[in-house]
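Data first, discussion second: the structure below is written as structure tokens.
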Ligand SMILES: C[S@@+](CC[C@H](N)C(=O)[O-])C[C@H]1O[C@@H](n2cnc3c(N)ncnc32)[C@H](O)[C@@H]1O
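Numbering (our numbering), first residue to last: 30 to 282.
And the structure:
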């Protein structure tokens, strides 16, 4: 009798151990799908190389550094909120200053973030030649230390699709902390038909200029991760197969 009980106990212990192992492996898988806030995966070096190889000058759409568009930035922001002269704005991926040229005269200060001095020097030259005196260039690697708190708005166009998801999350978390209460993000994301949302990300190396899609529900998760209120997502069909989602996330307090 005692032996029988001992046998059963041994079997039960073995089952418990197996269950624990299975639980640990499922928990591990779930954890690996959780968004990482620290910016672990990064394609920053890839972009530094693209800029050192004169990205805008060689790009088939940009065809060099010149004044075009830009006004669409002002219009996109005004869909969601009024632009006020006392505002301090951060522009993620400012490039040579195309949209900053239109935004800077309407606000107090623009912090333009980009990957290295090759492109930031071009932005400073492009903007100062056109009379913009309230632009501060900021290196992507040091933006959390360089940009002061008290931002009213974070803006970005044609940038999020070119970054790893970790870098995007890091921008929303770090710049979200610098927003004043009532301040917000107006940022454009790409969403291409047939996107594999969970399975895709920008390669860290050798990926050139990637195109990463974000679904509506991933954007809901992004706002939540950064502690921001998702006020609205406005969607445009930009080609037969691509949508642009414009998010407006606000810091409530
Ligand atoms: C397609 S361009 C768009 C530039 C500008 N927003 C425009 O519409 O003219 C993408 C820009 O994002 C910049 N970029 C790439 N990775 C970045 C990062 N991690 N942080 C900030 N900017 C980045 C690139 O250097 C480039 O200037």
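Beta carbons: idealized from backbone N, C-alpha and C, even for Gly. Source: prediction; values computed, not measured.
Own chain residues within Cβ distance below 6 Å of residue 252, not counting five before or after
Against the chain shown, residue 252 aligns to sequence position 223. Result list for residue 252: 259 and 278, in chain order.
For the alpha helix (DSSP H) holding residue 206, just list the boundary residues, first then last.
Stepping through the chain shown from its first residue, residue 206 is reached at position 177. Looking at the DSSP string, the run of the alpha helix (DSSP H) that includes residue 206 is 194 to 207.
Quick check: residue 189 and residue 221, are their CB atoms within less than 8 Å of each other?
Counted from its first residue, the chain shown places residue 189 at position 160. Counted from its first residue, the chain shown places residue 221 at position 192. Not in contact: residue 189 and residue 221 (Cβ atoms no closer than 8 Å).
Could you pull the start and end residues of the beta strand (DSSP E) that residue 166 belongs to?
As a first step, residue 166 is located in the chain shown; it is residue number 137 there, counting from the start. Per DSSP, residue 166 belongs to the beta strand (DSSP E) from 164 to 168.
Output the distance between the C-alpha atoms of residue 224 and residue 160, rounded to the nearest integer angstrom.
Position 195 of the chain shown holds residue 224. Position 131 of the chain shown holds residue 160. Those two C-alpha atoms are separated by around 42 Å.
Can you give the Cα-Cα distance for residue 184 and residue 125, rounded to whole angstroms?
Position 155 of the chain shown, counted from the start, is the residue given in the question as residue 184. Position 96 of the chain shown, counted from the start, is the residue given in the question as residue 125. Cα-Cα distance, rounded: 15 Å.
Span separating the alpha-carbon of residue 176 from that of residue 199
Taking the first residue of the chain shown as 1, we reach residue 176 at position 147. Taking the first residue of the chain shown as 1, we reach residue 199 at position 170. Answer to the nearest angstrom: the Cα atoms are 14 Å apart.
If you reduce the DSSP assignment to three classes, tell me which class residue 151 lands in.
Residue 151 sits at position 122 when you count from the first residue of the chain shown. Residue 151 falls in the helix class under three-state DSSP.
Beta-carbon contacts of residue 266 that lie in its chain and below 7 Å, excluding the five residues immediately before and after:
Position 237 of the chain shown holds residue 266. Answer for residue 266: 272, listed in chain order.
Helix, strand or coil: which one does DSSP assign to residue 258?
The count along the chain shown starts at 1 and reaches residue 258 at position 229. Residue state, collapsed to three classes: strand.
Just how far apart, CA to CA, sit residue 80 and residue 108?
For the purposes of this step, residue 80 is taken as residue 51 along the chain shown, with counting starting at 1. For the purposes of this step, residue 108 is taken as residue 79 along the chain shown, with counting starting at 1. Taking the straight line joining both Cα atoms gives about 31 Å.
May I ask whether a heavy atom of ligand 1 can be found less than 7 Å away from the beta carbon of residue 127?
By one-based count along the chain shown, residue 127 stands at place 98. Flag set: Cβ of residue 127 near ligand 1.
Is the segment 229 to 247 touching the segment 69 to 84 in the sense that three or more CB pairs, one from each, lie closer than 8 Å?
yes
If you draw a straight line from the alpha carbon of residue 56 to that of residue 227, how long is it in whole angstroms?
Taking the first residue of the chain shown as position 1, residue 56 is located at position 27. Taking the first residue of the chain shown as position 1, residue 227 is located at position 198. Confidence in residue 56 is poor, its pLDDT being 34 and thus under 50, which makes the residue's placement too unreliable to answer from.
Per DSSP, what are the beta-bridge partners of residue 264 in this structure?
What you label residue 264 is simply residue 235 of the chain shown in a count that begins at 1. 274, per the DSSP bridge assignment.
Does DSSP put residue 231 in a helix, in a strand, or in coil?
Start at 1 with the first residue of the chain shown, and residue 231 comes out as number 202. DSSP places residue 231 in coil when its eight states are reduced to three.
Rounding to the nearest angstrom, what Cα-Cα distance links residue 51 and residue 173 in this structure?
For the purposes of this step, residue 51 is taken as the residue at position 22 of the chain shown. For the purposes of this step, residue 173 is taken as the residue at position 144 of the chain shown. In this predicted model, residue 51 has a pLDDT of only 40, less than 50, meaning its place in the structure is not dependable enough to derive any value.
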